[in-house]
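These notes concern the structure reproduced below.
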Amino acid sequence: MAAFPGIGTGAVTQYPSMRHVESPTMVLQYADGREQRFRTRCEPAIRWTIHLADVTTEDLLQIESFFVEQQGQSGSFSFTDPWDGTEYPDCSFESGEFHADSFAEGRSASTLIIRNNQV
Amino acid sequence: MLFYPQLSTGAIAQYPLRRSAVTRCVMNLLPDGSAIKLADPDARTNRWELRYTGLSDEERTTLEKFFRAAEGALNDFTFLDPEGNLLRWSEDATKPVWKRDGLIGVTAANEFGVSQMRNNGQVGQGIEQIVSGPGWYQYCFSAEARSDTPAAIVMSLANADGQLVAEPSCGAAWRRVWCAGSIAGLTNDIRCRVEIPAGAMVEFRCMQLVAQPMPGSYKRTASSPGVYSARFAQDQIQFRADGVNDHATVVRLAGRPGE
Chain A
5 MAAFPGIGTG AVTQYPSMRH VESPTMVLQY ADGREQRFRT RCEPAIRWTI
55 HLADVTTEDL LQIESFFVEQ QGQSGSFSFT DPWDGTEYPD CSFESGEFHA
105 DSFAEGRSAS TLIIRNNQV
Chain B
41 MLFYPQLSTG AIAQYPLRRS AVTRCVMNLL PDGSAIKLAD PDARTNRWEL
91 RYTGLSDEER TTLEKFFRAA EGALNDFTFL DPEGNLLRWS EDATKPVWKR
141 DGLIGVTAAN EFGVSQMRNN GQVGQGIEQI VSGPGWYQYC FSAEARSDTP
191 AAIVMSLANA DGQLVAEPSC GAAWRRVWCA GSIAGLTNDI RCRVEIPAGA
241 MVEFRCMQLV AQPMPGSYKR TASSPGVYSA RFAQDQIQFR ADGVNDHATV
291 VRLAGRPGE
């Protein structure tokens, strides 16, 4: 199983970084105000926003190569949550597009979102 | 054949610029949140957003004429990735794309990206690669080199219209060496050659050809170099005049690796 590569420092993201936890619930409200609720997903969906504000072009190319190897949204890889160190074995890129913004020689930035596939 | 033009400085783009890798994946989302996915690797494309400021009247006219010649998004042209390494297999001179002189021995790069080149002949010999691209553009062919004994390296850019040669020396410490310039003419290719003296053994890494006047940061390549068959991803091009001889515009391109 492929693992999401870190940047040169060993980190996978820079500040500011975000983590979203989503627990989708279907809520049916009845005329008397009572509700029937049931979840539409077994486990909460987790998304991480990987924010790379200033990395070397080499580091970003490594991540881009990984994105291409995974064929964008299609591939599955393991990802270690930078917030608590938990490893999630089945994750994918949220988007089919990878953007690399170069603002100086050898310096680049990018933002990408990784989601946990396990339901 | 159309080629995306260089600016008067020899650069193709200015900072900041955006490069995107676009993939296609057919997804069937199920009610429980899981997904059935099927990748479409043949649909993969690259996109660029190039922002220009401070363009001269001549540069603006060149870009506009080029847009007209391409008829917007209609016609393809060759685009050299402004940040890309135009060489194929930049760390494996054993690949067929590299032409080796008869008594030159080369190794593929080790885990540190270092290749060895040994000249077993009686005269200077080397390796070369021919890149398809406008031969009259500004190019820089560079590498990092070192040798246990001082060696004079010959680096050259050449085509049917002429040749540029640089003869840097290298020693025990890693040193960036390069040959840069432009060759006036109409030939649609450029040959990059590096040659070492008879009996010499030189280590190389970070071998790169870029379409700009000076070496850039190194990008490793395999079978796909930074040469693309591209088109405009826009039906109109708009220039803003910020002053006398001072224009700005945004160019959006879409492309696939050239053959």
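Residue numbers (my numbering), protein chains in the order written: chain A, 5 to 123; chain B, 41 to 299.
Ideal Cβ placement from N, Cα and C applies to all residues, glycine included.
To the nearest angstrom, how far is the alpha carbon of residue i from that of residue j?
i: R87 (chain B); j: L95 (chain B); result: 22 Å
i: P208 (chain B); j: E26 (chain A); result: 60 Å
i: I54 (chain A); j: M22 (chain A); result: 7 Å
i: M5 (chain A); j: L64 (chain A); result: 21 Å
i: N285 (chain B); j: I76 (chain B); result: 55 Å
i: L103 (chain B); j: I50 (chain A); result: 46 Å
i: G173 (chain B); j: A251 (chain B); result: 9 Å
i: E109 (chain A); j: V16 (chain A); result: 22 Å
i: Q156 (chain B); j: S74 (chain B); result: 50 Å
i: Y92 (chain A); j: M67 (chain B); result: 21 Å
i: S80 (chain A); j: G50 (chain B); result: 42 Å
i: L114 (chain B); j: D275 (chain B); result: 9 Å
i: Q278 (chain B); j: A109 (chain B); result: 16 Å
i: L56 (chain A); j: G256 (chain B); result: 21 Å
i: D297 (chain B); j: T44 (chain A); result: Looking at the sequence shown, residue 297 (chain B) is not Asp but Pro. Whole-angstrom Cα-Cα distance: 42 Å.
i: V137 (chain B); j: T227 (chain B); result: 19 Å
i: F70 (chain A); j: P81 (chain B); result: 14 Å
i: F102 (chain A); j: D58 (chain A); result: 16 Å
Using a Cβ cut-off of 8 Å (strictly closer), state whether residue i contacts chain A.
i: G295 (chain B); result: no
i: A79 (chain B); result: yes
i: E123 (chain B); result: yes
Can you check whether the C-beta of residue i is within less than 8 Å of a C-beta belonging to chain B?
i: D88 (chain A); result: no
i: R45 (chain A); result: yes
i: E109 (chain A); result: yes
i: A6 (chain A); result: no
i: F102 (chain A); result: yes
i: S27 (chain A); result: no
i: D105 (chain A); result: yes
i: A15 (chain A); result: no
i: A35 (chain A); result: no
Pop quiz: residue i and residue j are said to be a contact at Cβ under 8 Å. What is the actual Cβ separation, rounded to whole angstroms?
i: L90 (chain B); j: V291 (chain B); result: 4 Å
i: T118 (chain B); j: V234 (chain B); result: So it is not a contact: roughly 24 Å between Cβ atoms.
i: A45 (chain B); j: F106 (chain B); result: The residue you asked about is not Ala; residue 45 (chain B) is Pro in the sequence shown. Right, their Cβ atoms sit about 5 Å apart.
i: A97 (chain A); j: Q66 (chain A); result: Residue identity differs from the one stated: residue 97 (chain A) is Phe in this sequence, not Ala. Not a contact, Cβ separation roughly 15 Å.
i: T60 (chain A); j: G12 (chain A); result: 6 Å
i: R59 (chain B); j: S263 (chain B); result: Their Cβ separation, rounded to whole angstroms, is 19 Å, which puts R59 (chain B) and S263 (chain B) out of contact at 8 Å.
For residue i, which residues of its own chain have a beta-carbon under 7 Å away from its beta-carbon, when the five flanking residues on both sides are left out?
i: C219 (chain B); result: F181, M195, S196, L197, L204, V205 and A206
i: P14 (chain B); result: Any question about residue 14 (chain B) goes unanswered here, given that chain B covers just 41 to 299.
Within a Cβ cutoff of 6 Å, which residues of the same chain sit near residue i, ignoring the five residues on either side of it in sequence?
i: I170 (chain B); result: D229 and R231
i: F8 (chain A); result: F81 and F83
i: K135 (chain B); result: W129
Using C-beta distances below 8 Å, list every residue in its chain close to residue i, excluding the 5 sequence neighbours before and after it, in chain order.
i: R215 (chain B); result: E184, A185, R186 and P208
Against chain B, which members of the stretch 55-84 of chain A pass a CB distance test of less than 8 Å? T60, T61, E62, L65, E68, F71, V72, Q75, G76, Q77, S78 and G79
Got a sec: which bits of the stretch 56-76 of chain B sit with their beta carbon under 8 Å from any beta carbon on chain A, in order along the chain? P56, L57, R58, R59, S60, A61, V62, T63, R64, C65, M67, P71, D72, G73, S74 and A75
Got a sec: which bits of the stretch 254-267 of chain B sit with their beta carbon under 9 Å from any beta carbon on chain A, in order along the chain? G256, S257, Y258, K259 and R260
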